[in-house]
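First the structure, in the form of structure tokens, and then the observations on it.
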């Protein structure tokens with residue numbers, strides 16, 4: 237799984253969830269940053285009475301995120317479908333569903349989701365990253381480059397460090413993993429976007445020290 241930065245979206249969904257009155261263990265584990273027992277916890281949380289559509293949408297999105305991080309994109313997409321049905325203007329879920337479609341090879345389905353996500357939240361570094369990957373896969377190197385630049389602009393130093401680490405793993409960058417945009421980083425990114433098999437994001441298990 238290469239969407240290392242996607243785990244940060246758990247924090248965004250958590251902030252949106254607002255599980256008022258639902259303070260039991262399942263609610264905590266469903267919306268906690270550590271995915272741990274999230275799938276089972278969210279499933280239990282969804283059985284609680286009195287949840288409103290926004291809370292249910294957030295829980296479906298959190299369970300989908302956990303499934304996606306395990307590479308179970310089909311079940312994840314089904315949960316994102318439910319989340320978006322309950323909350324159509326849910327930019328995080330739209331972007332994550334776009335990423336799940338991309339990772340499962342259905343780029344055509346990913347495009348409208350990521351464009352809708354960016355229309356709702358034009359400052360999302362993660363959504364720009366998703367669109368960058370789609371553009372790169374389509375051979376649109378210039379558009380991909382511009383979107384990766386926007387991902388760093390809005391995603392901040394952590395996104396920059398992820399690209400530094402990923403590009404270093406690809407053999408295109410040998411600078412510091414310091415979250416600072418440099419000419420050497422931009423040159424490495426320019427080389428990467430011209431190659432559909434080059435991913436500037438590292439695998440999840442890499443770069444933990446650099447991004448913590």
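Numbering (the numbering used here), first residue to last: 237 to 448.
Each residue gets a CB set at the ideal place from its N, CA and C atoms; glycine is no exception.
field: Inter-residue CB distance, residue 371 and residue 379 (contact presumed, cutoff 8 Å)
entry: Rounded, the Cβ-Cβ distance is 4 Å, consistent with contact.
- request: Label residue 430 either buried or exposed according to how many other C-beta atoms from any shown protein chain fall within 10 Å of its C-beta, with 16 as the threshold for buried.
  value: Under this definition residue 430 is an exposed residue.
- prompt: Since residue 392 is in the alpha helix (DSSP H), which residue starts that stretch and which ends it?
  reply: Unbroken alpha helix (DSSP H) run through residue 392: 377-405.
query: What residue range is occupied by the uninterrupted alpha helix (DSSP H) comprising residue 310?
result: Run containing residue 310: 309-322, per the alpha helix (DSSP H) assignment.
task: Note down the Cα distance separating residue 399 from residue 384, rounded to an integer number of angstroms.
output: Rounded to the nearest angstrom, the two C-alpha atoms are 9 Å apart.
Residue from 342, 354, 290 and 302 with nearest C-alpha to residue 323: Of all alpha-carbon atoms in 342, 354, 290 and 302, the one lying nearest the alpha-carbon of residue 323 is that of 290.
message: Does residue 437 pass the burial test, meaning 16 or more other C-beta atoms within 10 Å, or should it be called exposed?
response: Burial call: buried.
- prompt: Which same chain residues, not among the five before or five after residue 358, have their C-beta less than 7 Å away from its C-beta?
  reply: Cβ neighbours of residue 358 beyond the five flanking positions: none.
query: Quick one: is residue 306 buried, meaning 16 or more other Cβ sit within 10 Å of its Cβ, or exposed?
result: The residue is exposed, with fewer than 16 neighbouring Cβ atoms inside 10 Å.
query: Would residue 302 pass as a contact of residue 275 if the rule is Cβ separation under 8 Å?
result: The criterion of a C-beta distance shorter than 8 Å is satisfied by residue 302 and residue 275.
query: Shortest alpha-carbon distance to residue 304 belongs to which of 337, 280 and 366?
result: Selected option, being the one with the closest Cα: 337.
message: Looking at the ligand FMN, does it come within less than 7 Å of residue 376, judged from the CB to the closest heavy atom?
response: The ligand content of the structure shown is nil, which means the ligand FMN is not present either.
message: Output needed for residue 352: all residues of its chain with C-beta closer than 7 Å, excluding positions within five of it in sequence on either side, in chain order.
response: For residue 352, where only same-chain residues beyond five positions count, the Cβ hits under 7 Å are 330.
query: CB residue 432 to CB residue 341, shorter than 8 Å?
result: Contact: no.
message: Give me the residue from 408, 412, 282 and 381 with the minimum Cα distance to residue 393.
response: It is 412.
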